[in-house]
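First the structure, in the form of structure tokens, and then the observations on it.
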Amino acid sequence: MNKSNSQLSPELAQKLYLSLLRCRKFEEKIVELYPQQEIRCPTHLSLGQEGVAAGVCSALEKEDLIFSTHRCHSHTIAKGADLKFLMAELYGKKTGCSKGKGGSMHFLQPEIGAMGASAIVGGTIPLAIGAALALKMKSKNQVSVAFFGDGAIEQGTFHEGLNFASLKKLPVLFICENNGLATCTPISSRQPFSDIYKRAESYMIPGNQVDGTNVHEVYQAAATAVERAKKGEGPTLIEAQCYRWREHVGPNFDYQLGFRSKEDVEKAIEKCPIKCLEEKIKNENILSKEILLEISDLVTKEIEESVNFAKESPFPQAEEIFMDL
Amino acid sequence: MRELKYKEAISEAHVQAMLKNPNIYMMGVGVADPTGIFGTTIAASKCFGKERVFDTPLSENTLTGIGIGSAMCGLRPILIHARNDFLLLTMDQIVNHAAKWNYMAGGKLPIPFLIRAIIGRGWGQAAQHSQSLQALFAHIPGLQVIMPSSPYDAKGLILSSMESDKTTICIEHRWLYEKSGPVPEEPYSIPFGKGTILRKGKDITLVAISHMTLEAKTAAEECSKENIDIEIIDPRSLRPLDEDLILSSIKKTGRLIIADAAWKMCGMSSEISALAAEKCFPYLKAPILRITLQDTPTPCSSVLETVYYPTSMNIVKAARSLFSGKPKDDAKEFIAAKSERDFSGPF
Ligand SMILES: Cc1ncc(C[n+]2csc(CCOP(=O)(O)OP(=O)(O)O)c2C)c(N)n1
Ligand SMILES: [Mg+2]
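The listed protein sequences derive, respectively, from chains A and B.
Just so it is clear: in the first sequence, position 14 is 14 by the working numbering, and no numbers are missing.
Just so it is clear: in the second sequence, position 32 is 357 by the working numbering, and no numbers are missing.
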């Protein structure tokens, strides 16, 4: 199958829709449950930004590897993580994906290629490149992906990393989720221009800008980059423009802080990646309404199960603090 | 005297120093955003505007170097990090450059530079957002390291750093931010290398650092019911360290406990123990005891956080053991006493 084909097949539409809904409903559940104060860790939600994770990860195979950031829920979910283990991690339980050691900012599931997330901005870019180096040295036909935000462009790791990855033609995708914000500071106060994809040019690699709310467009760009990487032609930088609906950390909205207006946020929410895909599916008659409903019900059930699992799981024993060091 | 919260005392120190000296400027990720580093930079930002108080890109190491360069040329930078952990990105500029430049220049280029960073304990901050790294900096000749525990000390020490010709690392604890205490309105300074006695006592010298001073006070009250009279010393600055104050107290009590919510190995507690062993060994009547974090990274799960952080109960047990002759509870005996905690919520 030519993955970069511009047609959206029913098969792919279903895959993308499922992925988007898993990301969305998982975090909507967090919004609902957080006030109970049982999720006792800082959670950075990616509500509104799921198109990037779902689009990129749908273009990957299970063996491909991803590295993520403090805002790691959707990346890990879209890569195919078991929601039970993620939810249990949020609850600080022994059955969580890192046994209660990591929490919301460090989701992972190495069995499905989710290699972890750093709460240090820019921290995982080198790790993804190192993984790509290993893949290349071991002649594996796989790719590695670094997810990061627009803030990470300001770190040395981004520039040093792109330089090295380009030099060695490594099979790595640099996926920048440009939501225009680092906490409450807009990109215009931090960078001289906001077209992040243009940075690729100085490292002699392709750079693309895509609409992060258009999951199919993201998918196509990622699929092209994967093809290129697997052919040994080296890395690609993809800038996916998106919008963070909620506060930087936590389940609430943040317009009361005054750095953006309620109207702006509401306008952004109108441009929901899930809605956009549903419209495309409907207009082009790709899938029936029943199938979409079926997927939605399935995901709702999966989320409920994950919450039950999390709540019923035991906490770690005190001695476990010394394990895994 | 008027009372201020810790965070308000810091804020006031910034404004007063910047009013006095136009060469002071302030930068860092989020210093000019609406939340203003937990409220400590909002007033300065309002008073002095974007020229002197500005948000930065997420480029901590390079910004540190920019601070150093500007300090060489007549400015007095203040660089602020919302987490201690981000200092680790700046180790090259702090250790290789700020701490050494004046020495390598034969004293011709001092680097007057204040770097503030906050320990983000609690609410599952986990391994990369809650570290207590004072020992890394206290290790380095050429730096000053302060850890004020009261609003009074926070204002005084920050104002002193603004008069100093050296680079100062100020490490603050998030759980101190809402605590109130008396703070004079006018500017004042507290000399570096001068500790303070928080409670007089005759039986045990308890050196407590930063937030552990609060646990120490609770512990001392508890112990006084058992006729154990604890003297609490807050060194306030770790480099230089007030050796005389610590040593004279040990000479009086003959017993030493150190409470530092950081790692034990090569930590401040090691340094203070070594000081006692080197300089007043004959006065010691019992082994030195140390109350520290568990020897692991910070776990996220709230049940493991409880195990990770020492509390007043750990201190009480240690104090008792010095008199009962029984060995101190070892690190693996967990005391889940509720630590004083008015901090919850996502940040
Ligand atoms: C090195 C470092 N500096 C500062 C922070 C504090 N911080 C956490 S997330 C964040 C904003 C990051 O923005 P971006 O990379 O665009 O990611 P987003 O949160 O928008 O997804 C900041 C400043 C950090 N975690 N690491
Ligand atoms: Mg961003």
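Glycine included, every Cβ here is placed at the ideal spot set by N, Cα and C.
Note that this is a predicted model, so its numbers are computed, not measured.
Note on the region 199-237 of chain A: whole beta strand (DSSP E) runs with a minimum of 3 residues are 207-211, in chain order.
Nearest to arginine 244/A by C-alpha distance, out of Leu65/A, Arg71/A, Val56/A, Pro35/A, is Arg71/A. Alanine 114/A sits away from glycine 151/A, with the two beta carbons spaced by 9 Å or more. The criterion of a C-beta distance shorter than 9 Å is satisfied by valine 226/A and leucine 60/A. At a cut-off of 9 Å between beta-carbon atoms, threonine 521/B makes no contact with chain A. Chain A places a beta carbon closer than 9 Å to that of glutamine 619/B, counting this residue as a contact. Not a single CB atom of chain A sits nearer than 9 Å to the CB of tyrosine 502/B. For cysteine 625/B, at least one C-beta of chain A is nearer than 9 Å to its own C-beta. Counting along the chain, threonine 538/B sits inside the alpha helix (DSSP H) bounded by residues 537-549. Only residues of its own chain outside the window of five on either side were considered, and among them Gly113, Met115, Ala131, Ser144 have a CB closer than 6 Å to the CB of leucine 65/A, listed in chain order.
Not one heavy atom of ligand 1 is found less than 8 Å from the C-beta of arginine 260/A. For isoleucine 419/B, no alpha helix (DSSP H) run applies, since DSSP gives it neither H nor E.
Residue-level contact check: glutamine 459/B does not touch chain A, since none of the beta carbons of chain A fall below 9 Å from its beta carbon. Distance from the C-beta of asparagine 409/B to the nearest heavy atom of ligand 1 is not below 8 Å. Taken through DSSP and simplified to helix, strand or coil, lysine 330/B comes out as strand. For isoleucine 120/A, the distance from the CB to the nearest heavy atom of ligand 1 is below 8 Å. Under DSSP, histidine 406/B shares a beta bridge with Ala442/B. Beta-bridge pairing by DSSP links cysteine 242/A to no other residue. Taking the Cβ of leucine 298/A as the reference point, every heavy atom of ligand 2 lies at 8 Å or farther away. For valine 210/A, no Cβ of chain B is located within less than 9 Å of the residue's own Cβ. Annotation: the region 425-476 of chain B contains the following complete segments of the beta strand (DSSP E) (minimum length 3 residues), in chain order: 438-444, 468-471. Of all residues in the region 70-88 of chain A, none is placed with a Cβ closer than 8 Å to any Cβ belonging to chain B. The Cβ atoms of isoleucine 440/B and isoleucine 494/B sit closer than 9 Å to each other.
Counting other Cβ atoms within 10 Å of its Cβ, cysteine 176/A reaches 16 or more and is therefore classed as buried. Taking every protein chain shown into account, the CB of aspartate 264/A has fewer than 16 other CB atoms within 10 angstroms, so this residue is exposed. Per DSSP, reduced to three states, the secondary structure at aspartate 559/B is strand. DSSP places arginine 71/A outside both helix and strand once states are collapsed to three, so it counts as coil.
Per DSSP, the unbroken beta strand (DSSP E) holding phenylalanine 148/A starts and ends at 144-149.
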